[in-house]
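Protein chains in written order, with my numbering: chain C, 16 to 131; chain U, 96 to 208. Every residue gets a Cβ at the ideal spot worked out from N, C-alpha and C, and that includes glycine. Below is one structure, written out as structure tokens; comments come after it.
Structure (structure tokens):
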């Protein structure tokens, strides 16, 4: 069964460093998403991406964040200068079809980011 | 704006007992509703979803949920809890205009032997 994969599973970085979290969505999906979950808190939407551009983003997704689909398979989240409060589990998700709003989002296993 | 509330951040039940996890939503348009489960150190797995078809939705692992528009609720139930059901459960709502989910705060289910 196709699944969303994410690498690495755990990333440790120093405050101020740049990190790139990688995701491989399900191959025929058209919509891509990033969410984060701070330890012990709820899952929060960051950004959605369709047709090579951001379709929606939350207040959390400030100028420190960017997303990219550099090739036909990967979808990345970059944090330019990490802060301690960026420590969280980051989930990638994808959904398919021509009207993606109606489709289930499939989630990856997450990348745990620890900022020291 | 949509929102989701889950009554009870932690629910404990005995093995074999009924599981009831509560979810209430607010949405200005007919919503799509989802329950996800998160096992320790794992990602989110879809349990079931409501997308305006039958109001009683059956999911995986014996779970089901009923959409009640009058109560703006989508409570998750399972007749008999199993030890393996211990996990965090998230209710989520998505309207038919957007693509992003709004998640509830989650309910941690503990199953006691």
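Candidates the options: closest to residue i by CA position
{"i": "residue 111 of chain C", "options": "C/64, C/54, C/33 and C/51", "result": "C/64"}
{"i": "residue 126 of chain U", "options": "U/196, U/201 and U/202", "result": "U/196"}
{"i": "residue 169 of chain U", "options": "U/179, U/175 and U/142", "result": "U/142"}
{"i": "residue 107 of chain C", "options": "C/32, C/61, C/30 and C/16", "result": "C/61"}
{"i": "residue 108 of chain U", "options": "U/198, U/149 and U/175", "result": "U/175"}
{"i": "residue 114 of chain U", "options": "U/189, U/123, U/156 and U/137", "result": "U/156"}
{"i": "residue 172 of chain U", "options": "U/137, U/152 and U/138", "result": "U/152"}
{"i": "residue 187 of chain U", "options": "U/112, U/123, U/106 and U/132", "result": "U/132"}
{"i": "residue 39 of chain C", "options": "C/19, C/58, C/57 and C/80", "result": "C/19"}
{"i": "residue 124 of chain U", "options": "U/135, U/167 and U/177", "result": "U/167"}
{"i": "residue 37 of chain C", "options": "C/31, C/81, C/52 and C/56", "result": "C/81"}
{"i": "residue 179 of chain U", "options": "U/198, U/129, U/135 and U/96", "result": "U/135"}
{"i": "residue 96 of chain C", "options": "C/21, C/22 and C/28", "result": "C/28"}
{"i": "residue 158 of chain U", "options": "U/189, U/100, U/198 and U/177", "result": "U/177"}
{"i": "residue 162 of chain U", "options": "U/96, U/129 and U/106", "result": "U/129"}
Own chain, CB closer than 6 Å to residue i, minus 5 neighbours either side, in chain order
{"i": "residue 98 of chain U", "result": "121"}
{"i": "residue 146 of chain U", "result": "127"}
{"i": "residue 116 of chain C", "result": "With a pLDDT of only 48 at residue 116 of chain C, under 50, the local geometry of the prediction cannot be trusted, and the value read off the model is given with reservation. The answer is none, since no qualifying residue turns up."}
{"i": "residue 208 of chain U", "result": "110"}
{"i": "residue 112 of chain U", "result": "176"}
{"i": "residue 76 of chain C", "result": "61 and 62"}
{"i": "residue 33 of chain C", "result": "95"}
{"i": "residue 93 of chain C", "result": "35 and 81"}
Own chain, CB closer than 8 Å to residue i, minus 5 neighbours either side, in chain order
{"i": "residue 84 of chain C", "result": "47, 64, 67, 90 and 91"}
{"i": "residue 42 of chain C", "result": "17 and 88"}
{"i": "residue 54 of chain C", "result": "102, 103 and 104"}
{"i": "residue 104 of chain U", "result": "200, 201, 202 and 203"}
{"i": "residue 139 of chain U", "result": "131, 132, 133 and 185"}
Listed by chain order, chain U residues near residue i by CB distance under 9 Å
{"i": "residue 90 of chain C", "result": "Simply none; closest approach about 14 Å."}
{"i": "residue 106 of chain C", "result": "138 and 139"}
{"i": "residue 60 of chain C", "result": "195, 196, 197 and 198"}
Cβ-based neighbour list, residue i, same chain, cut-off 7 Å, excluding 5 preceding and 5 following
{"i": "residue 181 of chain U", "result": "204, 205 and 206"}
{"i": "residue 102 of chain U", "result": "117"}
{"i": "residue 119 of chain C", "result": "110"}
{"i": "residue 44 of chain C", "result": "109, 110 and 111"}
{"i": "residue 100 of chain U", "result": "119 and 199"}
Cross-chain neighbours of residue i in chain U, by beta carbon under 7 Å
{"i": "residue 125 of chain C", "result": "138"}
{"i": "residue 122 of chain C", "result": "138 and 139"}
Beta-carbon neighbours of residue i, restricted to chain C and to distances below 7 Å
{"i": "residue 144 of chain U", "result": "119"}
Under 8 Å from the C-beta of residue i: neighbouring residues of chain U
{"i": "residue 57 of chain C", "result": "185, 198, 199, 200 and 201"}
Heavy atom of the ligand SAH within 7 Å of residue i beta-carbon
{"i": "residue 197 of chain U", "result": "In terms of ligand content, the structure shown is empty, and the ligand SAH therefore cannot be addressed."}
- [ ] Run through the region 105–189 of chain U for me and flag every whole beta strand (DSSP E) of 3 or more residues, listed as ranges in chain order.
- [x] Secondary structure within the region 105–189 of chain U: the beta strand (DSSP E) runs of 3 or more consecutive residues, fully enclosed, are 105–109, 114–116, 119–121, 126–133, 139–145, 151–153, 159–163 and 168–173 (chain order).
Open item on the list: Check whether the region 122–130 of chain C and the region 69–77 of chain C are in contact - that is, three or more C-beta pairs closer than 8 Å.
Closed with: By the criterion of at least three beta-carbon pairs nearer than 8 Å, the region 122–130 of chain C is not in contact with the region 69–77 of chain C.
Open item on the list: List, from N- to C-terminal side, the alpha helix (DSSP H) runs of 4 residues or more that fit wholly inside the region 61–122 of chain C.
Closed with: Listed in chain order, the alpha helix (DSSP H) elements of length 4 or more contained wholly in the region 61–122 of chain C amount to none.
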